[in-house]
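S.K.: In the numbering used here, the protein residues as written are 29 to 248. Even glycine gets a Cβ: it sits at the ideal position worked out from N, Cα and C. The model shown is predicted, which means the values in this text are computed figures rather than measured ones.
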Amino acid sequence: MKFIMILLLPNFALGFNLFLDIGHTPSAYGAISSTCKKEYSYNVDLALSLKTILTANSDIHVATRDVGESTFNERYLQSSGQDLFVSLHHDSVQQTDLSHSHGCPTAGCASGFSIFVSKKNPYYKQSLIYAKRFANQLIKNGLKPISNHLKQTHKKDREVIDPFLGIFDMDDLKVLKHAKSPAFLFEAGVIVNPLDENRVKSEYFKKIIAKSLKKCVQEN
Ligand SMILES: [Zn+2]
29 MKFIMILLLP
39 NFALGFNLFL
49 DIGHTPSAYG
59 AISSTCKKEY
69 SYNVDLALSL
79 KTILTANSDI
89 HVATRDVGES
99 TFNERYLQSS
109 GQDLFVSLHH
119 DSVQQTDLSH
129 SHGCPTAGCA
139 SGFSIFVSKK
149 NPYYKQSLIY
159 AKRFANQLIK
169 NGLKPISNHL
179 KQTHKKDREV
189 IDPFLGIFDM
199 DDLKVLKHAK
209 SPAFLFEAGV
219 IVNPLDENRV
229 KSEYFKKIIA
239 KSLKKCVQEN
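Here it is as structure tokens:
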């Protein structure tokens, strides 16, 4: 009788499994930009661009959430078996800081990226290590962490972990606290700020994020 042996290899032999969660859905689309574009469309665009760039010439296995409607349950269940789960977003500011004088919500008071982790995630320590590595790479590649971190601390649901790296704790973020793997949420830029919105549209910006993410996971 012949036996077929199924060999279960550890992750490092199979490559790194990265899951890119597309923040929000078509119906609950998140923020509105300074050109009245929905955040969800920027999140889709960034996720698909990163997947294309990262899967070329790399041993990183990149999966993304399907474009379209999805429940939170469906979203964090997709983190199961992943080495890292990254939820992609684009930020706004508090309502009181927004101007509508040009028709679309605009604010110049905030700019830059930010990263959120949750202490309720079962892999919090590992999540924070990845968040710090990623932030360091983004900065090394010329991006800046969010400029209004003091304003952010006025929101009671978050705690500043490292203002120089743009990292915050936000324990009750559903996709992070229920994720079955190390996880962080990335706000790529502040799309109510016209300068940031222009920046996040560019291919160069997406290449920097891909390069930083690649370095971050390859330090394992
Ligand atoms: Zn968002």
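#1: Helix, strand or coil: how does DSSP classify Ala75 here?
#2: What number of angstroms, rounded off, separates the C-alpha of Phe100 from the C-alpha of Ala56?
#3: Grouping DSSP H, G and I as helix and E and B as strand, with all else coil, what is Asp125?
#4: Can you tell which of Leu126, Lys229, Pro54, Asp111 has the C-alpha that lies nearest to the C-alpha of Tyr68?
#5: Report the residue ranges of all beta strand (DSSP E) runs contained in full by the stretch 38-62; include only those spanning at least 3 residues, in chain order.
#6: DSSP three-state label for Glu67, please.
#7: Quick check: what's the CA-CA separation for Lys147 versus Val114?
#8: On the criterion of 16 or more Cβ atoms from any shown chain inside 10 Å, does Gln123 qualify as buried, or is it exposed?
#9: Since His117 and Asn71 should fall inside the 8 Å C-beta cutoff, what is the C-beta to C-beta distance between them, to a whole number of angstroms?
#10: Using a Cβ distance threshold of 8 Å, determine whether the stretch 161-171 contacts the stretch 230-248, with at least three qualifying pairs required.
#11: Considering only heavy atoms of ligand 1, does any lie closer than 7 Å to the CB of Gly140?
#12: Would Asp185 be called buried (16 or more neighbouring beta carbons within 10 Å of its own) or exposed?
#13: Apart from the five residues just before and just after Leu156, which ones in its own chain have a Cβ nearer than 6 Å to its Cβ?
#14: To the nearest angstrom, how far is it from the Cα of Ile50 to the Cα of Ala75?
#15: Buried or exposed: Thr80, going by 16 or more other Cβ atoms within 10 Å of its Cβ?
#16: Whose beta carbon lies closer than 5 Å to any heavy atom of ligand 1, going through the chain in order?
M.R.: Answer, in terms of the structure:
#1: One-based indexing of the sequence shown puts residue 75 at position 47. Of the three classes helix, strand and coil, the one that applies to Ala75 here is helix, per DSSP.
#2: Mapped onto the sequence shown, residue 100 falls at position 72. Mapped onto the sequence shown, residue 56 falls at position 28. So the two alpha carbons sit approximately 12 Å from each other.
#3: In the sequence shown, the residue the question calls residue 125 occupies position 97. Three-state result, Asp125: helix.
#4: Position 40 of the sequence shown holds residue 68. Here the closest residue by C-alpha is Pro54.
#5: Qualifying beta strand (DSSP E) stretches, in chain order: 44-50.
#6: Working through the sequence shown from its first residue, we reach residue 67 at position 39. Reduced to three states, the DSSP call for Glu67 is helix.
#7: Within the sequence shown, residue 147 is the residue found at index 119, counting from 1. Within the sequence shown, residue 114 is the residue found at index 86, counting from 1. Inter-residue distance for Lys147 and Val114 is about 16 Å (C-alpha atoms, whole angstroms).
#8: Taking the first residue of the sequence shown as 1, we reach residue 123 at position 95. With fewer than 16 Cβ atoms within 10 Å of its Cβ, Gln123 is classed as exposed.
#9: Numbered from 1 along the sequence shown, position 89 holds the residue referred to as residue 117. Numbered from 1 along the sequence shown, position 43 holds the residue referred to as residue 71. Going by Cβ atoms, the distance from His117 to Asn71 rounds to 6 Å, so yes, they are a contact pair.
#10: yes
#11: One-based indexing of the sequence shown puts residue 140 at position 112. Gly140: no, Cβ never under 7 Å from ligand 1.
#12: Start at 1 with the first residue of the sequence shown, and residue 185 comes out as number 157. Asp185 is exposed by the Cβ-count criterion.
#13: Counting from 1 along the sequence shown, the entry for residue 156 is found at position 128. Contacts found: Val145.
#14: To locate residue 50, count along the sequence shown from 1; it is residue 22. To locate residue 75, count along the sequence shown from 1; it is residue 47. Roughly 6 Å separates the two Cα atoms.
#15: As a first step, residue 80 must be located in the sequence shown, where it is residue number 52. It is exposed - the Cβ of Thr80 has fewer than 16 other Cβ atoms within 10 Å.
#16: Gly51, Gly58, His117
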